[in-house]
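A.B. asks: Using the UniProt record's numbering, you'd call the opening residue of the sequence shown number 1 and step up by one each time.
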Amino acid sequence: MPHEVRAVVAMKKGAPVEVQTIVVPDPGPGEVLVSVQACGVCHTDLHYREGAINDDFPFLLGHEAAGTIEAIGADVTDLAPGDYVVLAWRAPCGACRSCLRGRPWYCFDSRNAARPMTLLDGTPLSPALGIGAFAEKTLVAAGQAVKVDPAARPEAAGLIGCGVMAGYGAAVNTGRVGRGDTVAVIGCGGVGNAAIAGASLAGARRVIAVDIDEAKLDGATRFGATHTVNSRGTDPVDAVRELTGGFGVDVAIDAVGTPSTYKQAFYMRDHAGVLVQVGVPDPEMTIDLPLIDLFSRGGALKSSWYGDCLPTRDFPILVDQYLSRRLDLGAFVSETITLDQVEEAFGRMHRGEVLRSVVVL
């Protein structure tokens with residue numbers, strides 16, 4: 001029997017979101033119905049609302065979520081009603097050329113639910129990142145629901161599903177930060193602070209936070225930054241080099257995603273250092289670097305997609321680190337809100353007033 005639930009919908013480009021009643025079907029083969037307990041407000045949801053992802057309106061927003069399994073479809077054997085899960089927007093298929101080569105974090109055919117969620121008039125909804133969790137219930141592929149320890153508070157655990165995993169994984173999985181490394185992270189929002197936390201937990205001896213906002217820099221120390229650089233009035237490349245004996249860092253992480261921050265990360269690396277870009281750029285942005293610098297400085301330039309994570313492996317690890325008080329997920333939660341307050345939360349996020357607003361249902 002279909003379920004009528006309240007949800008946040010973006011009906012057209014640039015228009016304020018609306019809370020509407022939508023229809024969520026029962027799960028089909030390989031799908032699960034999830035009762036959403038909490039969902040973070042992420043920049044990606046705002047990008048959907050603005051039409052910056054694609055124009056497949058109307059969108060069912062929300063994707064950084066935790067909840068419980070309410071029902072399972074045929075052929076689902078590893079989940080059961082009542083299981084506590086964090087939702088992932090990558091569910092490796094196991095059969096594409098990347099999965100078959102042992103690189104499921106690059107899966108080219110990630111699974112989503114096949115049955116559509118709709119408006120009351122039957123109009124199909126496009127769920128953000130294949131999830132759509134600003135809703136009392138949502139339908140996802142079983143592989144998108146990752147079982148974790150139910151002791152984790154949902155408003156904290158849900159953030160692992162996107163921003164925290166992206167930043168943490170940029171440092172640990174993509175950048176391969178190791179014991180004794182030096183690291184710089186440009187941009188101290190949710191993703192940047194997660195990268196700082198990941199670098200610290202990986203054993204970096206020096207983690208330098210770079211931002212133009214002094215309040216954000218103060219907050220970065222809570223996640224493990226050992227030094228801070230305010231780049232509003234200081235050349236961050238010179239400052240980072242000064243903090244590393246003139247050499248630069250082993251790993252520089254751009255959590256902003258602009259040409260200027262990418263160049264800063266490129267030049268603040270040590271010789272043969274690693275640059276990791278995890279901040280998502282505007283599609284129209286371009287960058288110009290001297291080819292001789294690309295050649296002579298060596299090292300690696302990497303893009304980090306979802307922190308190069310494998311959700312079934314990494315989500316439980318991060319939850320365990322949270323429960324053992326090594327990873328302060330609660331520090332990412334700036335406020336808890338209702339479905340009716342998502343539009344206002346977009347404004348606070350855009351102005352940089354919060355790390356994460358979290359919808360609690």
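Using N, Cα and C, we set each Cβ at its ideal position, and we do this for glycine too.
How is His-63 classed by DSSP in three states: helix, strand or coil?
C.D. replies: Reduced to three states, the DSSP call for His-63 is coil.
A.B. asks: Go through the region 35–81 residue by residue and report every complete run of the beta strand (DSSP E) that reaches 3 residues or more, in order.
C.D. replies: Here the runs fully enclosed are 64–72.
A.B. asks: Which residues in the same chain as Ala-123 place their Cβ atom closer than 8 Å to its Cβ, once the five residues preceding and following it in sequence are excluded?
C.D. replies: The sequence shown places Thr at residue 123, not Ala. These residues qualify, in order along the chain: Pro-58.
A.B. asks: To which residues of the same chain is Leu-323 closer than 8 Å at the C-beta, ignoring the five residues directly before and after it?
C.D. replies: So the qualifying residues of the chain are Asp-149, Ala-151 and Ala-152.
A.B. asks: Alpha carbon to alpha carbon, how far is Gly-279 from Gly-257?
C.D. replies: Going by the C-alpha atoms only, they are around 4 Å apart.
A.B. asks: Going by DSSP in three states, Thr-286 sits in which element: helix, strand or coil?
C.D. replies: Note: Thr-286 maps to coil in three-state DSSP.
A.B. asks: What residue range does the beta strand (DSSP E) around Ile-317 cover?
C.D. replies: Premise fails: Ile-317 lies in the alpha helix (DSSP H), 311–323, not in any beta strand (DSSP E).
A.B. asks: Any idea if Phe-108 is buried or exposed, counting beta-carbon neighbours within 10 angstroms, 16 or more meaning buried?
C.D. replies: By the 10 Å Cβ count, Phe-108 comes out exposed.
A.B. asks: Who does Thr-336 pair with in a DSSP beta bridge?
C.D. replies: Answer is Val-358, bridged to Thr-336.
A.B. asks: Does the separation of the CB atoms of Val-140 and Gly-130 fall below 9 Å?
C.D. replies: It is a contact, given that the beta carbons lie within the stated cut-off.
A.B. asks: Quick check: what's the CA-CA separation for Leu-46 versus Ser-303?
C.D. replies: Approximately 22 Å between the Cα atoms of the pair.
A.B. asks: Would you check if the distance between the CB atom of Ala-220 and the CB atom of Asp-211 is smaller than 9 Å?
C.D. replies: Yes, these two residues count as a Cβ contact at 9 Å.
A.B. asks: Residue range of the alpha helix (DSSP H) that Asp-293 falls in?
C.D. replies: Residues 291–297.
A.B. asks: Answer with buried or exposed for Met-1, where buried requires no fewer than 16 other C-beta atoms within 10 angstroms of its C-beta.
C.D. replies: Exposed, since its Cβ has fewer than 16 Cβ neighbours within 10 Å.
A.B. asks: Under the rule that 16 or more other beta-carbon atoms within 10 Å means buried, what is Phe-295, buried or exposed?
C.D. replies: Flag for Phe-295 reads exposed.
A.B. asks: Put Ile-131 into one of helix, strand or coil per three-state DSSP.
C.D. replies: Reduced to three states, the DSSP call for Ile-131 is coil.
A.B. asks: According to DSSP, simplified to helix, strand and coil, what is Lys-147?
C.D. replies: It is a strand residue.
A.B. asks: So, is Glu-284 buried or exposed, given that buried needs 16 or more other C-beta atoms within 10 angstroms?
C.D. replies: Glu-284 should be labelled exposed.
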